[in-house]
Amino acid sequence: MTSDFPLPAADSGRVLGRLSRRDVLKVGSLSVSTGLLPAMGVQAANSVTADRQHPGRAQSVIFLWMGGGVTQLESLDPKPDAPEEIGGTCSAIDTALPGVHFSETCPNLARIANDLAVLRTFSHDSNDHLLSQVYTLSGRKVTAQQLFSEPNIGAIVSKLYGPRNGLPGYIAVPGITRPGPPPHNLFVGGWLGAQYAPFCLGGQPEQPDFTVGEKEPNPSPEAHEDLVPTILEMPEGISVSRVDRRSTLRDQIESALRNSEANGRLAAMEGHYSSAMRLLTSAGIRDAFDVTKEDVATREAYGATKIGGRCLMARRLVEAGARFVMVDYGYDPDYGNLWDNHNAPSQNFPHICEMAKRGYHVAGMDRAFAGLITDLKQRGLLDSTLVVFLTEFGRTPKINSNGGRDHWGACGSLFFTGAGTQVGQVIGQSDEQAAYPVTRHYGPADVAASIYTAMGIDPNDRVYDRQNRPVAILDHGQPIEGLL
């Protein structure tokens, strides 16, 4: 692990190297993942806001990231009056909002549409997966040389507000999406530093390239995932109390080292080790990751699917105090690049209108999202939690010859809810083919500006990068008009 902080004096350095890293990174036979420690959200000595106040309405964010490009026509912006090669075969259904219709694949979201602010004019100028995903994850327009340089929105939040209740400032559930090929990890801290990348519950994916391997023609949507981080699994012979005792010994010795450091930078560098110990030794934090504590009815409301389980985990983490949780779903070893529905022969997908009805596709997303929003509302958490559904772009208005839809940056649909969002409305209107906005369009930077504003962060402010240089949080974009 590298650091931008200077090492202490030679004698102290030998003690630190001999005790701290071995004692903290390796407690007995327990190895604490070095991939976890930077993600705990430690605030560097030059951070401008480690204890800044939180004036925003949104105390937490759940970022529903559906990487791959979710079809707008088979979800939130159907066009039943268009020719079949445009509108497809899915029917449009009424929602709780008079005159507003969703696709038949979204009956659950339709019932709670008065709790949503639906954006039907999400638009930008790229049809490229990687460029568009980085743009949407960061709010910053990039070139092919900047895929890993720009921090995710969650990384900025983690930098400014830090961890809370012992939980990392930015958590990804599970954080295994790797678009490609070749696979790329776009969940990054960028110029803020690796310590602000998300803490990924799934760690590194066992099969990063989800385009390889045989896929079932009609896999079951029902799936159980173990989303408990491996860091919380104690090896045989190691107990929480034993870890805690060793941590206490380390704290006593390193306290003397920190007190001898006039500039305090050693304390800042060591902060993420302490955070890791809190994650390991806090029963409350460990319980937050245990979805088996949920009753059957609650779990059923989300759906017994991967996306359902991930949304349920997000709610548990927010309830435990997490600031920024990204639900990651889109590139999957069982379902492939499930939103990228070109329907090329290698994808082994049915017609887009049939695909959308499957329990792991739009229909499963609908159930999980509605279950999450309803659950948050019933628990009194929705007033303080901003929920945002995001995907990098929509799909082409015309169904291709294989029965799929291709990339379409010009128009797509998202939604927001919670934390003071002005719900019960549709923002923007697309044309009769859901191809182009006919009213004002909003891009990824505007979505990012809205999230920051809801959290009390001025998107025009600056934050220090890892070289201690001030960088604008966003270089363009404004909060979506009428949303907050």
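Take the sequence shown: its position 200, counted from the start at 1, is 1495 in this note's numbering, and no numbers get skipped.
For each residue, glycine too, the CB sits at the ideal point set by N, CA and C.
Because the structure is a prediction, the values reported are computed rather than measured.
In the structure shown, F1664 adopts helical secondary structure according to DSSP, grouped into three states. For G1707, the enclosing beta strand (DSSP E) covers residues 1707-1712. In the structure shown, L1368 adopts coil according to DSSP, grouped into three states. Here the alpha carbons of D1623 and M1660 stand approximately 12 Å from one another. The beta carbons of V1591 and M1608 sit no closer together than 8 Å.
When C-beta atoms of the region 1749-1765 are compared with those of the region 1417-1433, fewer than three pairs fall below 8 Å, so the two segments do not count as touching. With the rule of 3 Cβ pairs closer than 8 Å, the region 1502-1509 counts as touching the region 1464-1482.
The beta carbon of H1424 sits closer than 6 Å to the beta carbons of P1474 from its chain, once the five residues preceding and following it are set aside; these are given in chain order. Within the same chain, D1661, R1662, A1665 come within 6 Å of N1403 by CB-CB distance, once the 5 residues on both sides are set aside. Within the same chain, Cβ atoms closer than 6 Å to the Cβ of V1483 are found at F1443, A1492, the five residues on either side in sequence being excluded. Put simply, the region 1632-1640 does not touch the region 1384-1404. Fewer than three CB pairs are less than 8 Å apart. In the structure shown, V1657 adopts helical secondary structure according to DSSP, grouped into three states.
Judged by DSSP secondary structure, H1396 falls within the beta strand (DSSP E) whose first and last residues are 1396-1398.
Contact between V1395 and A1408 holds: their C-beta atoms lie close to 6 Å from each other, under 8 Å. As computed with DSSP, Q1720 is found in a beta bridge with A1412. Beta-bridge partners of D1760 (DSSP): none assigned. Here T1400 really is in contact with A1658; their C-beta atoms are around 5 Å apart, less than 8 Å. Contact between the region 1679-1693 and the region 1702-1719 is present, with at least three C-beta pairs closer than 8 Å.
In the DSSP assignment, L1685 falls within the beta strand (DSSP E) that extends over 1680-1685. Counting only residues of its own chain and dropping the five nearest sequence neighbours on each side, R1406 has a CB closer than 8 Å to the CB of T1390, A1391, A1665. Between R1594 and P1765, the alpha-carbon positions lie close to 45 Å from each other. Per the DSSP secondary-structure output, N1513 pairs with nothing in a beta bridge.
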